[in-house]
Amino acid sequence: MPRVLRYARLLGVGVLGVTLLSGCVANNPAASHTALAVDSNATNCAVSADEAPAGNIRFSVTNSGDQVTEFYLLAADGLRIVGEAENIGPGLSRDLVVQLDAGSCFTSCKPGMAGDSVGKAKFTATKTDAAATVSVNRAAQIDIANSKHASYVSN
């Protein structure tokens, strides 16, 4: 019996060691994104680039002004909101991550979160061979979610 316990103990130590060491691997996420910096203040909304490859894009918005601000990503019509980062206090940053298809849209900021926006500029998501593709099933799920959200908002 003591011999069996000794082997069980060795096996337990070995399993524990492998488990602990399995956490010591590089963390390389498969999906990547384009990172852009946005500086917002009372008079300007400066985006670090006016184009990026289509796909996941992260806008890191920093408020260098003295009042709360918002960052908007607007559709090609310049009116419909595609994405926004809200309530960014002075000296703070917030990220907006969106997945864009190839095409044009606009960026702008709204200092004070009221009135006219500042720094409205055209932004282009360029076609790439590596642009993300959405499966038909996933596209259908997105359409259903958008429809339900639109119904919720309108009621």
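Take the sequence shown: its letters are residues -26 to -1, 1 to 129, numbered as in mature numbering (1 follows the signal peptide of the UniProt record, and there is no 0). Positions of the beta carbon are idealized from the N, C-alpha and C atoms, including for glycine. Keep in mind it's a predicted model, so treat the numbers as computed, not measured.
- Per DSSP, the beta bridge partners of threonine 43 are Ile62.
- A check of alpha carbon separations from lysine 101 across Ala76, Arg68, Gly52 and Ser128 identifies Ala76 as the nearest.
- In the DSSP assignment, lysine 96 falls within the beta strand (DSSP E) that extends over 92 to 100.
- Taking the Cβ atoms as the reference, valine 71 lies roughly 7 Å from histidine 7, within the contact range of under 8 Å.
- Straight-line spacing of the CA atoms in leucine 48 and threonine 98 works out to 11 Å.
- Rounded to the nearest angstrom, the Cβ distance from cysteine 83 to valine 56 is 15 Å, too far for a contact under 8 Å.
- Alanine 9: member of the beta strand (DSSP E) spanning 8 to 14, first to last residue.
- Under DSSP, alanine 113 forms no beta bridge with any residue.
- Under the 10 Å beta carbon count, tyrosine 46 is surrounded by 16 or more other beta carbons and is classified as buried.
- For asparagine 30, the secondary structure class from DSSP, reduced to helix, strand or coil, is strand.
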